[in-house]
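Note that the sequence shown covers residues 326 to 447 in this note's numbering.
Just so it is clear, CB atoms sit at the ideal spot from N, CA and C, and this is done for glycine as well.
Quick caveat: nothing in here was measured; it's all calculated off a predicted structure.
Okay, so here's the structure we're looking at.
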Amino acid sequence: MTRKFAIPTLDGKSCAHFGHCQSFAVVEVEDDKMGIVEFLEPPVHKPGSYPRFLADEGVHIVIAGGMGAKAQALFQKNNIAVHMGVGVEDPGALVAQFLKNELQTGTNLCNHGSDDHHRCGH
């Protein structure tokens with residue numbers, strides 16, 4: 326099974342706020358074997374532009390520090406799982422942790438007036 330992960334990054338590490346990232350680290354995983362980490366430059370940030378961009382890239386799972394409710398809803402609509410509350414870390418390390426069921430998630434680090442946190446298992 327092939328899965329594609331995306332992690333919003335700033336200076337090569339995961340960043341706390343999805344909408345303020347510099348790039349997205351994208352990692353393709355085939356049968357739990359990680360491919361290389363590619364950094365993609367996102368389009369100009371407008372509400373909804375990043376979720377559309379990642380859906381068009383074929384992403385299945387997003388790992389982020391936090392994001393607003395609108396982005397969460399757009400990912401859910403596109404059947405893209407979201408895992409939030411991760412700290413600043415190397416994107417490849419986050420995917421490796423996910424694959425070993427060791428990813429430490431927590432509270433959505435972004436609060437856009439919504440206490441509705443997206444929860445999903447893996």
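- The C-beta distance from E414 to S339 rounds to 5 Å, short enough to meet the 8 Å contact threshold.
- With 16 or more other Cβ atoms from the protein chains shown falling within 10 Å of its own Cβ, T334 counts as buried.
- Contact check for G373 and K395: beta-carbon distance about 7 Å, within the 8 Å limit, so the pair qualifies.
- Within the segment 353-403, the alpha helix (DSSP H) runs of at least 4 residues that lie entirely inside it are, in chain order, 374-381 and 394-402.
- Three or more Cβ pairs drawn from the segment 376-392 and the segment 405-413 lie within less than 8 Å of each other, which places the two stretches in contact.
- DSSP links L335 through a beta bridge to K338.
- DSSP places V420 inside the alpha helix (DSSP H), whose first and last residues are P416 to L424.
- Residues V352, E353 and V354 of the same chain have their beta carbon placed closer than 8 Å to that of G360, with the five preceding and five following residues left out of the count.
- If you check the CB distance, A350 and V362 come in under 8 Å.
- In chain order, G344 place their CB closer than 7 Å to the CB of H370, counting only its own chain and leaving out the 5 sequence neighbours on each side.
- C-alpha of E366 to C-alpha of T430: approximately 25 Å in a straight line.
- V420 and A398 have their C-alpha atoms roughly 22 Å apart.
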